[in-house]
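*Asks:* If you scroll down you'll find the structure; I have some questions about it.
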Amino acid sequence: MALKNISVLILSLSYMLSFSVADTSSSSIVPPETICGSTVDPTYCSKTVLANQNGNVFDYGRISFQKSLSQTRKFFYLVDSYLQGSLSLSQYTIGALEDCRYLAEQNFEYLSNIYATTSQASGVLPTSQAEDFETYLSAVLTNQQTCLEGLQSTTSDARVKNELLSSLSDDLKLHSVTLALFIKGWVPEKKIMTSWPQNGRHLNFKNGQLPLVMSDRVRAIYDSARHHGRKLLTTDNGGSVVVSDIVVVSQDGSGNFVTINDAIAAAPNNTVAGNGYFVVLITEGVYQEYVSIAKSKKYLMLVGDGINRTIITGNHSVGDNFTTFNSATVAVVAEGFVAVNITFRNSAGPSKGQAVALRSGADLSTFYSCSFEGYQDTLYTHSLRQFYRECDIYGTVDFIFGNAAVVLQNCNIYSRLPLKGQFNTITAQGRTDPSQNTGTCIQNATIKAADDLAPVVSTVQSYLGRPWKEYSRTVIMQSFMDSLINPAGWHEWNGDFALSTLYYAEYNNTGPASNTTNRVTWPGYHVINATDASNFTVSNFLETPPTASVSPRTICKSTPDPSYCSSVLPPRNANVYDYGRFSVRESLSQATKFLKLVNRYLQRSSSLSTSAIHALQDCQTLAELNVDFLSSSFQTVNRKSTLLPTSRADDIQTLLSAILTNQQTCLEGLQATASAWRVSNGLFLPLSNDTKLYTVSLALFTKGWLPTNANVTAFHPPAQHRSFRNGRLPLKMSSRTRAIYESVSRRKLLQANVGDEVKVKDIVTVSKDGSGNFTTLNDAIAAAPNKSSSTSGYFLIYVTAGVYEENVSIDKKKTYLMMVGDGINKTIITGNRSVVDGWTTFKSATFAVVGAGFVGVNMTIRNTAGAEKHQAVALRNGADLSAFYSCSFEGYQDTLYAHSLRQFYRECDIYGTVDFIFGNAATVLQNCNLYPRLPMNGQFNAITAQGRTDPNQNTGICIQYCMIRAADDLAANINAAETYLGRPWKNYSRTVYMQSFMDSVIDAGGWREWDGDFALNTLYYAEFNNTGPGSTTANRVTWPGYHVINATDAANFSVSNFLLGDNWLPQTTVPFATNFV
């Protein structure tokens, strides 16, 4: 950008900056000292940047942005003034000043673009935009540091150096504050990884053939220019890269240009990704030129004839008075740059010091099958986001360095013979601030000695890296390390500099030098596990923005079945929101068709068995729910193309998770209906196909609309909640309703502060002796209003003491119903349906509820079918945001069916034998008593059988602060049966026990397989901080999916994080602990 252009940009911003900071009353007003605690230098932040200010994080952030912009503008003009009077300066000083001017110009552009957004926004930004801005602010700090280092090397003009260094130092601290406040205010919280991602299928260059889509004219040029007769790889358009145009560079004059720089000059400016790449095809030859690809040359692709065939070479170096920054043979800053089949070389040699082959500051840039050859400082990964695949990198000292977010995958890294007395260091990562999202990840690489070093490898010490800057971050994983690497692995920079603040990590490497036994013992060095390592994969460290237009094949890599996903999405490039809306709309259409199909079978049901009718009725109920859930989901995703607020996103993810559970329940009911195979066979295919489609919808919703979860790092004391106490409830009701309640319950209402009560809009009573409004629960439920809202208050049904022999059903219309009994074993609801007697498991429930917001208190719900009748459910709960307090659930196999959606149980008793807490809801049981009973002869007990079928479902069972003991019948014959914590009903079964007491009834192995090795790799079973004789984990199963977790991981399953319980449980008055004590 020319000086006149930056002046125009500065003037255009002055109007915006002249306004006072907008009011952001939605966030707390705090003193500067409080907000500055999140910055690197709290004193500088509070006393200098935010002195005498008052506001919230957004106010303070905007103040810091304004000051960063202002200082960057001043610094740019200061540097420019020196350059205008540069006749008395040395050539080196001029070069350093030109670097500074160029970098200051970049910084002003980055800050201007970000401030244009943050000046208007007072809330977290969409994940992709926040990631972009965090990347640019990280680059601002890197650019400052690069300028600073160039000037520090300048000895010819102390006056220039001293004046600029002071300004640079202050501005670095200011920009650090700006980055920290941006992260605190505008960046969504980061996701905590719980598993290693599966390898996706990727579009690949193969044997020099490129999957490029281009016109016939462009294709003819491409094919004719290839010296080795390579044709374009034939693919479907959805799996190819679009090319807008092509030019050829050939030294013999047979192409469009003879130099690379001339070809680049011909490329259009400011191309967008959707328009396709401008390809510069460089034929075989040695090109002795210094190539510079400016920021305006976006989405440019350089393609050579191969490593050591197309060679770009230069010899600039610091030894010859160039700055490191300006010594690069090839320098690129244009977004979206791609290079393939090229050698980048700096031939200055080891005696000339720093001499860069490639410097990349190009965001979202990629290098494939390239070679980078030099000695010190070969590959300068300067800033922003970069990816290298199947490349060769040669060097000696710090030969992969810089401060980009960079992943090198499947590369060969060759240490060369250095100068006498030198040691080799592969990396020197330059992160200067803990808030920068930068670092170097080397994955699946091979690290070996180059040919010149190999014969004398024992005479030279080679290390994985050293800390160039204070927060240096480098991770090497799944790579082969030959014997050249010193056993210590890493080398200090200068004494103990950065040893406590760096982050160096290794994971699952191989080879003679991969043994970490004798590695350095610095505080910042780690041998990490798969969970930590997954944060540095391409998917997580260099995440593609969801607004980017990609092929169906690319987007489908984030789904469990990429092949099926690709077959259902339209064959055109789009972003995740377009694909997601298409998938949800198709899902809704298919759910509607399936419901009609089930209805047709039921209309012709006279020839069907009773069990077949029951299964179809289950499918009908579940299909109706699916249509409702998908309609609600589509209304949301159809309006938004950004991530949703956390609570709304959790709602939709919960609904889409429940759809899959409903499908599975329907399928299992039909599979059990042996007498109606004609019916079931006609439904199996649509059920199977629809389930795969719903899986795609859930995965795409998760990728596009779901904010990443909070990374919980500490326990917090449980908050105090209003609650039921000693049977007294803090309910707010009219005088008439109060009189009715107190007359039947014989208890006074708990006195509570105004605003702390739960609103009750009406009450009816159920009493077997006829003294109430109704004698059956179902009649009372029928009298409740339909579709009540949470704000209108609960419809309360008081059920007096007695044994109620009825199968209770609370359908989806009966929302925000509260049912209160006289106590466990006083108010008893009982039934005896079972699978053996012709009922589906789903329909065997004594008490079934799907009405959202249900609350049950002081009741026993019982199924008396007995152990010999197998599956016989006491409670089936598919009610979202439901809670049960001080209830008892009694049965044998399948007692408590936590079917779907979000549920909470507090101070309840659960009795059973086989899989007696099962289902696929997001469920937390807190302070409950779990009583395994005596099973049938030959059976074993399994407390849980969690049914998660898809890795994107936000479901699972968490058992916290509970007591696990044998029931009386088992205690009397404790050795008669083994008892396990659970077994995996479905492929992604997820269950966590934490802070609970486990008596000796629990088998030492803890968990039991379902069938051979089914799900042992994909389940997630975990234990944290349990007590009692059965809690010892020394002899637990050794399955890949089993974990003994720490507090950080356990916190993800607390009420606050797993159920977002702080948002909805307080209105129920049911007590709960938010996190941990």
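Just so we're aligned: the sequence shown equals residues -22 to -1, 1 to 1055 in mature numbering (1 follows the signal peptide of the UniProt record, and there is no 0).
We put the CB at the ideal spot given by N, CA and C, even for glycine.
Taking C-alpha atoms, which residue in F862, Y875, I454 lies nearest to L853?
*Replies:* The shortest C-alpha to C-alpha distance from L853 to any of F862, Y875, I454 is the one to Y875.
*Asks:* Is the CB-CB distance between A850 and S878 below 7 angstroms?
*Replies:* Not in contact: A850 and S878 (Cβ atoms no closer than 7 angstroms).
*Asks:* With DSSP collapsed to three states, give me the class of T805.
*Replies:* The three-state reading of DSSP puts T805 in strand, counting E and B together.
*Asks:* Taking the C-alpha atoms as reference points, what is the distance between S527 and A923?
*Replies:* 41 angstroms
*Asks:* May I ask which residues mark the beginning and end of the alpha helix (DSSP H) holding Q924?
*Replies:* From DSSP, Q924 is part of no alpha helix (DSSP H) but of the beta strand (DSSP E) over 919 to 924.
*Asks:* Quick check on T743: buried or exposed, where buried means 16 or more other Cβ atoms within 10 Å of its Cβ?
*Replies:* buried
*Asks:* Which residue comes first and which comes last in the beta strand (DSSP E) that contains C419?
*Replies:* 417 to 421
*Asks:* In the structure shown, what three-state DSSP assignment does K746 receive?
*Replies:* coil
*Asks:* Taking DSSP as the reference, what is the three-state secondary structure of G647?
*Replies:* helix
*Asks:* On a CA-only basis, which of L755, G284, D240, T113 is nearest G412? Give me that one, please.
*Replies:* The identity of residue 412 in the sequence shown is Pro, whereas the question assumes Gly. When C-alpha distances from P412 are compared across L755, G284, D240, T113, the shortest belongs to T113.
*Asks:* Mind reading off the beta-carbon distance from Y268 to G233? Whole number of angstroms is fine, and I expect it under 8 angstroms.
*Replies:* About 20 angstroms separates the two Cβ atoms, so there is no contact after all.
*Asks:* On the three-state DSSP scale, how would you describe residue 1060?
*Replies:* Absent from the structure is residue 1060, since the part of the chain shown begins at -22 and ends at 1055.
*Asks:* Is it the case that the region 5 to 12 contacts the region 54 to 71, given that we only count it when at least three CB pairs across the two stretches are under 8 angstroms?
*Replies:* no
*Asks:* In whole angstroms, give me the CA-to-CA distance for R563 and G231.
*Replies:* 55 angstroms
*Asks:* Just the C-alpha distance for K737 and G990, rounded to the nearest angstrom, thanks.
*Replies:* 52 angstroms
*Asks:* Identify whether N764 lies in helix, strand or coil by the three-state DSSP scheme.
*Replies:* coil
*Asks:* Check G869 in the structure and name its three-state DSSP category.
*Replies:* Coil, per DSSP.
*Asks:* Going by other Cβ atoms of all chains shown within 10 Å of its Cβ, with 16 needed for buried, is V690 buried or exposed?
*Replies:* Because V690 carries a pLDDT of 35, less than 50, the predicted location of this residue cannot be relied on, and the following value inherits that uncertainty. Under this definition V690 is a buried residue.
*Asks:* Compute the beta-carbon to beta-carbon distance between T969 and G983, rounded to the nearest angstrom, for a pair I have assumed lies under 8 angstroms.
*Replies:* Contact doesn't hold; Cβ gap of about 15 angstroms is too wide.
*Asks:* Considering only C-alpha positions, which residue in the set R40, T838, G916 is nearest to N803?
*Replies:* T838
*Asks:* Contact defined as beta carbons within less than 8 angstroms: I believe F401 pairs with S440. What is the distance between those atoms, to the nearest angstrom?
*Replies:* 7 angstroms
*Asks:* Would you mind giving the Cβ-Cβ distance between T405 and L442, rounded to the nearest angstrom? I have them listed as a contact below 8 angstroms.
*Replies:* 7 angstroms
*Asks:* Can you list, in chain order, the residues of its chain with a C-beta nearer than 6 angstroms to that of D135? Leave out the 5 residues immediately preceding and following it.
*Replies:* So the qualifying residues of the chain are L67, T71.
*Asks:* The beta strand (DSSP E) spanning H592 covers which residue range?
*Replies:* Where H592 is concerned, there is no enclosing beta strand (DSSP E), although the alpha helix (DSSP H) it sits in stretches over 588 to 615.
*Asks:* Quick one, are the C-beta atoms of S100 and F43 less than 7 angstroms apart?
*Replies:* no
*Asks:* How big is the Cα-Cα spacing for D1 and Q31?
*Replies:* For D1, the predicted model reports a pLDDT of 33, less than 50, meaning its position is unreliable and no value from the coordinates is stated.
*Asks:* Rounded to the nearest angstrom, what separates Y999 and G934 at their Cα positions?
*Replies:* Y999 and G934: Cα-Cα distance of roughly 10 angstroms.
*Asks:* Is it buried or exposed for K791, if we count other Cβ within 10 angstroms and need 16 for buried?
*Replies:* Counting the other CB atoms within 10 Å of its CB gives K791 a total below 16, which places it among the exposed residues.
*Asks:* State buried or exposed for V777, treating a residue as buried only when at least 16 other CB atoms are found within 10 Å of its CB.
*Replies:* It counts as buried.
*Asks:* In the DSSP assignment, find the alpha helix (DSSP H) that holds R137 and state where it starts and stops.
*Replies:* 136 to 164
*Asks:* Is there contact between the region 302 to 314 and the region 332 to 339, where contact requires at least three CB pairs shorter than 8 angstroms?
*Replies:* yes
*Asks:* In chain order, which beta strand (DSSP E) runs of at least 3 residues are fully inside the region 273 to 356?
*Replies:* 278 to 281, 288 to 292, 308 to 310, 316 to 318, 321 to 324, 336 to 338, 343 to 346, 349 to 351
*Asks:* Which residues does DSSP list as the beta-bridge partners of T927?
*Replies:* According to DSSP, T927 bridges with nothing at all.
*Asks:* Could you compute how far the alpha carbon of D429 sits from the alpha carbon of Y557?
*Replies:* 50 angstroms
*Asks:* Who are W468's beta bridge partners in DSSP?
*Replies:* Note: W468 sits in a beta bridge opposite G443.
*Asks:* Quick one: what's L661 bridged to in DSSP?
*Replies:* Answer is none; L661 lacks a bridge partner.
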